[in-house]
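**Student:** If you scroll down you'll find the structure; I have some questions about it.
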Amino acid sequence: MPELPEVEAARRAVEEHCIGKRIKSAKVADDPKVIEGVSPPNFEKSLVGKTIVAAHRKGKHLWLQLGSPPFPTFQFGMSGAVYIKGVAVTKYKRAAVNDTDEWPSKYSKVFIELDDGLELSFTDKRRFARVRLLQDPTSVPPISELGPDALLEPMTADEFANSLNKKKLGIKALLLDQSYISGIGNWVADEVLYQARIHPLQHATSLSKESCVTLHKSINEVIHKALEVGADSSQFPKNWLFHYREKKPGKAFVDGKRIEFITAGGRTSAFVPELQKLSGAAAEKVRKKTTNPKKVNEDDEDNNSESGEERDTETELKKEKATKRGRPKPSAKGKTITSPAFEEYQPKKTIRRTRMEQASAVEMKSSKSVKAVKKDVSAKKRGKK
Numbered sequence: 044m045p046e047l048p049e050v051e052a053a054r055r056a057v058e059e060h061c062i063g064k065r066i067k068s069a070k071v072a073d074d075p076k077v078i079e080g081v082s083p084p085n086f087e088k089s090l091v092g093k094t095i096v097a098a099h100r101k102g103k104h105l106w107l108q109l110g111s112p113p114f115p116t117f118q119f120g121m122s123g124a125v126y127i128k129g130v131a132v133t134k135y136k137r138a139a140v141n142d143t144d145e146w147p148s149k150y151s152k153v154f155i156e157l158d159d160g161l162e163l164s165f166t167d168k169r170r171f172a173r174v175r176l177l178q179d180p181t182s183v184p185p186i187s188e189l190g191p192d193a194l195l196e197p198m199t200a201d202e203f204a205n206s207l208n209k210k211k212l213g214i215k216a217l218l219l220d221q222s223y224i225s226g227i228g229n230w231v232a233d234e235v236l237y238q239a240r241i242h243p244l245q246h247a248t249s250l251s252k253e254s255c256v257t258l259h260k261s262i263n264e265v266i267h268k269a270l271e272v273g274a275d276s277s278q279f280p281k282n283w284l285f286h287y288r289e290k291k292p293g294k295a296f297v298d299g300k301r302i303e304f305i306t307a308g309g310r311t312s313a314f315v316p317e318l319q320k321l322s323g324a325a326a327e328k329v330r331k332k333t334t335n336p337k338k339v340n341e342d343d344e345d346n347n348s349e350s351g352e353e354r355d356t357e358t359e360l361k362k363e364k365a366t367k368r369g370r371p372k373p374s375a376k377g378k379t380i381t382s383p384a385f386e387e388y389q390p391k392k393t394i395r396r397t398r399m400e401q402a403s404a405v406e407m408k409s410s411k412s413v414k415a416v417k418k419d420v421s422a423k424k425r426g427k428k
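Quick note: the sequence shown uses this note's numbering, first residue 44, plus one each step.
The structure is reproduced here in structure tokens:
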């Protein structure tokens with residue numbers, strides 16, 4: 044999903060091209076899943092005629108400050124992106140839509156025309172983004188619950204080291220926790236841990252002062268280098284893990300070293316075992332799980348530390364995939380075939396009725412068995428007589 048570099052690149056583009064301009068017209072999609080708490084007509088009415096005064100960001104959230112509230116606020120989700128017609132704005136690679144054939148895109152959720160003719164669109168292909176109108180975005184969750192922004196409010200190296208030494212979570216899970224540091228998502232976390240040579244499951248409290256300082260430096264360098272190229276991933280340094288982390292297991296290598304994939308912080312995590320070694324209690328915990336396969340599961344403390352927005356998006360994504368996998372398919376004879384996944388997502392009434400039928404069948408079977416036993420006993424008694 045778009046992380047701090049991509050959202051900051053969008054904010055800078057809006058700041059450069061849209062500040063001081065008046066909104067001439069607006070078109071908001073009728074999509075309650077994305078547009079929260081306000082009807083499209085009321086949303087449009089609240090925008091038209093107002094001037095864009097500033098563009099703000101905290102973590103992965105962007106909002107436009109207008110001449111007067113309320114202000115449109117954007118949470119990018121899995122594939123949110125800002126487009127400005129005629130202006131190159133970096134999009135997360137999975138979010139890109141073809142804006143050359145159709146403008147605004149059919150995936151546009153908020154379209155704005157400015158008084159000088161410039162046009163801006165917020166799109167979302169996957170519909171995991173959230174767009175709201177807020178009087179004061181910083182006073183309302185989830186923005187009000189965010190920790191210091193990794194770019195705008197960085198801790199000093201000493202502050203960072205001291206805070207890590209108090210945390211008993213896995214380091215990857217902690218970096219994903221938006222209440223601890225906001226803006227770091229899955230790819231940034233994997234990248235900074237790779238460059239700092241730290242295993243994703245290593246407990247934060249077990250890190251040496253040197254490792255903490257190295258990680259602090261990696262976070263700053265990755266974010267600043269990404270922004271130097273406008274968050275254009277094709278221009279990221281070629282030795283970054285980023286370019287290889289989505290290859291298939293067994294075929295992923297960086298600088299000739301094998302990349303492996305595990306679950307850390309509730310997310311699929313890429314790391315290089317040759318360089319990122321696990322030690323101490325975390326290593327012992329993994330060893331026990333490996334020798335006890337029945338108990339293998341995602342690290343509970345890691346899952347609990349994952350931010351709400353990350354967790355909600357992941358849950359919705361899994362449901363979407365499960366539903367798609369389980370859709371009924373017609374057989375060659377025209378009958379409908381359903382998979383277990385499809386049955387799992389059937390309305391509760393259907394499932395309840397099926398269970399009742401099963402219970403009834405068991406009861407009938409049991410009743411027949413009792414009758415058979417009684418009949419047999421009666422027959423034996425008659426025989427004795």
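The C-beta atom is built at its ideal place from N, Cα and C for all residues, glycine as well.
Please name the residue in Arg170, Lys88, Gly110, Leu109 whose C-alpha comes closest to that of Ser122.
**Tutor:** Along the sequence shown, read from residue 1 onward, the residue named residue 122 stands at position 79. Checked all of Arg170, Lys88, Gly110, Leu109; the closest Cα to Ser122 is Arg170.
**Student:** Based on the DSSP output, what are the partners of Lys429 in its beta bridges?
**Tutor:** Only positions 44 to 428 of the chain appear in the structure, and residue 429 is not among them; the question remains open.
**Student:** Is the distance from the Cβ of Leu244 to the Cβ of Lys215 below 8 Å?
**Tutor:** Looking up residue 244 in the sequence shown gives position 201. Looking up residue 215 in the sequence shown gives position 172. Yes. Within cutoff.
**Student:** Restricting to Cα atoms, I'd like to know which of Ser322, Lys101, Ala97 is closest to Ser182.
**Tutor:** Looking up residue 182 in the sequence shown gives position 139. Of Ser322, Lys101, Ala97, the residue nearest in Cα terms is Lys101.
**Student:** Just how far apart, CA to CA, sit His242 and Lys328?
**Tutor:** The residue given as residue 242 occupies position 199 in the sequence shown. The residue given as residue 328 occupies position 285 in the sequence shown. Cα to Cα, His242 sits roughly 14 Å from Lys328.
**Student:** Could you have a look at Phe203 and say whether DSSP puts it in helix, strand or coil?
**Tutor:** Here residue 203 refers to the residue found at position 160 when the sequence shown is read from its first residue. If DSSP states are grouped into helix, strand and coil, Phe203 belongs with the helices.
**Student:** Is the number of C-beta pairs between the segment 44-56 and the segment 267-277 that are closer than 8 Å three or more?
**Tutor:** Yes, they touch.
**Student:** Looking only at its own chain, which residues have a Cβ that is under 8 Å from the Cβ of Gly92, when we skip the five neighbours before and after it?
**Tutor:** Position 49 of the sequence shown holds residue 92. Cβ within range, chain order: Arg65, Ile66.
**Student:** Would you call the CB atoms of Leu90 and Ala69 closer than 8 Å?
**Tutor:** For the purposes of this step, residue 90 is identified with residue 47 of the sequence shown, where counting begins at 1. For the purposes of this step, residue 69 is identified with residue 26 of the sequence shown, where counting begins at 1. For Leu90 and Ala69, yes; Cβs fall inside 8 Å.
**Student:** Buried or exposed: which applies to Glu46, given that a residue is buried once 16 or more other Cβ atoms fall within 10 Å of its Cβ?
**Tutor:** Sequence index remark: in the sequence shown, residue 46 carries index 3 (1-based). Glu46 is buried by the Cβ-count criterion.
**Student:** If I measure Cβ to Cβ from Gly110 and keep anything under 7 Å in the same chain, skipping five residues before and after, which residues do I get?
**Tutor:** Indexing the sequence shown from 1 puts residue 110 at position 67. Contacts found: Lys93, Thr94, Val96.
**Student:** Which same chain residues end up closer than 6 Å to Ile305 when comparing Cβ atoms and leaving out the 5 residues on each side of it in sequence?
**Tutor:** For the purposes of this step, residue 305 is taken as the residue at position 262 of the sequence shown. Excluding sequence neighbours, Ile305 sits near Ser312.
**Student:** Helix, strand or coil for Trp230, going by three-state DSSP, please let me know.
**Tutor:** Indexing the sequence shown from 1 puts residue 230 at position 187. It is helical.
**Student:** Determine the direct distance from the alpha carbon of Pro115 to that of Ile127, and round the result to whole angstroms.
**Tutor:** In the sequence shown, residue 127 corresponds to position 84, counting from 1. In the sequence shown, residue 115 corresponds to position 72, counting from 1. The alpha-carbon atoms of Ile127 and Pro115 are separated by roughly 16 Å.
**Student:** Looking at the unbroken beta strand (DSSP E) that takes in Glu162, where does it start and where does it end?
**Tutor:** Position 119 of the sequence shown, counted from the first residue, corresponds to residue 162. Segment 162-167, the beta strand (DSSP E) holding Glu162.
**Student:** Exposed or buried, Ala131, counting other C-beta atoms within 10 Å across all chains shown (16 or more means buried)?
**Tutor:** Locating residue 131 in the sequence shown gives position 88, where the first residue counts as 1. With fewer than 16 Cβ atoms within 10 Å of its Cβ, Ala131 is classed as exposed.
**Student:** Can you look up Ala239 in the DSSP assignment and give me helix, strand or coil?
**Tutor:** As a position in the sequence shown, residue 239 is number 196, starting the count at 1. Reduced to three states, the DSSP call for Ala239 is helix.
**Student:** With DSSP as the reference, identify every bridge partner of Ala313, one or two as the case may be.
**Tutor:** Taking the first residue of the sequence shown as 1, we reach residue 313 at position 270. Phe304, per the DSSP bridge assignment.
**Student:** Helix, strand or coil for Asn335 per DSSP?
**Tutor:** In the sequence shown, residue 335 corresponds to position 292, counting from 1. Only weak support exists for where Asn335 lies, its pLDDT of 48 falling under 50; the value from the coordinates is given anyway. DSSP places Asn335 in coil when its eight states are reduced to three.
**Student:** Of all Cβ atoms in chain C, is any one closer than 8 Å to the Cβ of Ile155?
**Tutor:** No chain C is part of this structure, which consists of one protein chain only.
**Student:** Return the CA-CA distance between Leu284 and Ala239, expressed in angstroms with no decimal places.
**Tutor:** Taking the first residue of the sequence shown as position 1, residue 284 is located at position 241. Taking the first residue of the sequence shown as position 1, residue 239 is located at position 196. So the two alpha carbons sit approximately 12 Å from each other.
**Student:** Gly299 and His246 - do their beta-carbons sit closer together than 8 Å?
**Tutor:** By 1-based counting over the sequence shown, the position of residue 246 is 203. By 1-based counting over the sequence shown, the position of residue 299 is 256. No, the pair does not count as a contact, with Cβ atoms beyond the cut-off.
**Student:** Going by the beta-carbon positions, is the gap between Met44 and Gly228 smaller than 8 Å?
**Tutor:** One-based indexing of the sequence shown puts residue 44 at position 1. One-based indexing of the sequence shown puts residue 228 at position 185. Yes. Within cutoff.
**Student:** Checking the sheet assignment: what are the DSSP bridge partners for Gly123?
**Tutor:** Locating residue 123 in the sequence shown gives position 80, where the first residue counts as 1. Its beta-bridge partners are Asp167.
**Student:** Which one of Trp230, Ala269, His259, Val256 has the shortest CA to CA distance from Glu289?
**Tutor:** Along the sequence shown, read from residue 1 onward, the residue named residue 289 stands at position 246. Here the closest residue by C-alpha is Trp230.
**Student:** By alpha-carbon positions, which one of Arg55, Arg54, Phe86 ends up nearest to Leu429?
**Tutor:** Limits of the chain in this structure are 44 at one end and 428 at the other, which puts residue 429 out of reach.
**Student:** Note down the Cα distance separating Ser19 from Asp192, rounded to an integer number of angstroms.
**Tutor:** Past the boundaries of the shown model lies residue 19; the chain is included only from 44 to 428, so the question cannot be answered.
**Student:** From Gly129 to Trp146, what does the alpha carbon distance come to, in whole angstroms?
**Tutor:** Mapped onto the sequence shown, residue 129 falls at position 86. Mapped onto the sequence shown, residue 146 falls at position 103. Their backbone Cα atoms lie some 11 Å apart in a straight line.
**Student:** Quick one: measure Cβ to Cβ for Gly308 and Leu250, integer angstroms, because I've assumed they're closer than 8 Å.
**Tutor:** The residue given as residue 308 occupies position 265 in the sequence shown. The residue given as residue 250 occupies position 207 in the sequence shown. Contact doesn't hold; Cβ gap of about 16 Å is too wide.
**Student:** Take the Cβ of Asp233 as the centre, count every other Cβ of all protein chains shown within 10 Å, and call the residue buried at 16 or more, exposed below.
**Tutor:** Numbered from 1 along the sequence shown, position 190 holds the residue referred to as residue 233. Buried: at least 16 other Cβ atoms inside 10 Å.
**Student:** To which residues of the same chain is Arg310 closer than 6 Å at the C-beta, ignoring the five residues directly before and after it?
**Tutor:** If you number the sequence shown from 1, residue 310 lands on position 267. Asn229.
**Student:** On a Cα-Cα basis, can you pick out the residue from Leu270, Pro180, Ala295, Lys252 that is closest to Pro113?
**Tutor:** Position 70 of the sequence shown, counted from the first residue, corresponds to residue 113. Out of Leu270, Pro180, Ala295, Lys252, Pro180 has the C-alpha closest to the C-alpha of Pro113.
**Student:** In the DSSP assignment, what are the bridge partners of Asp192?
**Tutor:** By one-based count along the sequence shown, residue 192 stands at place 149. DSSP, once it has assigned bridges, lists Ser225 as partnering Asp192.
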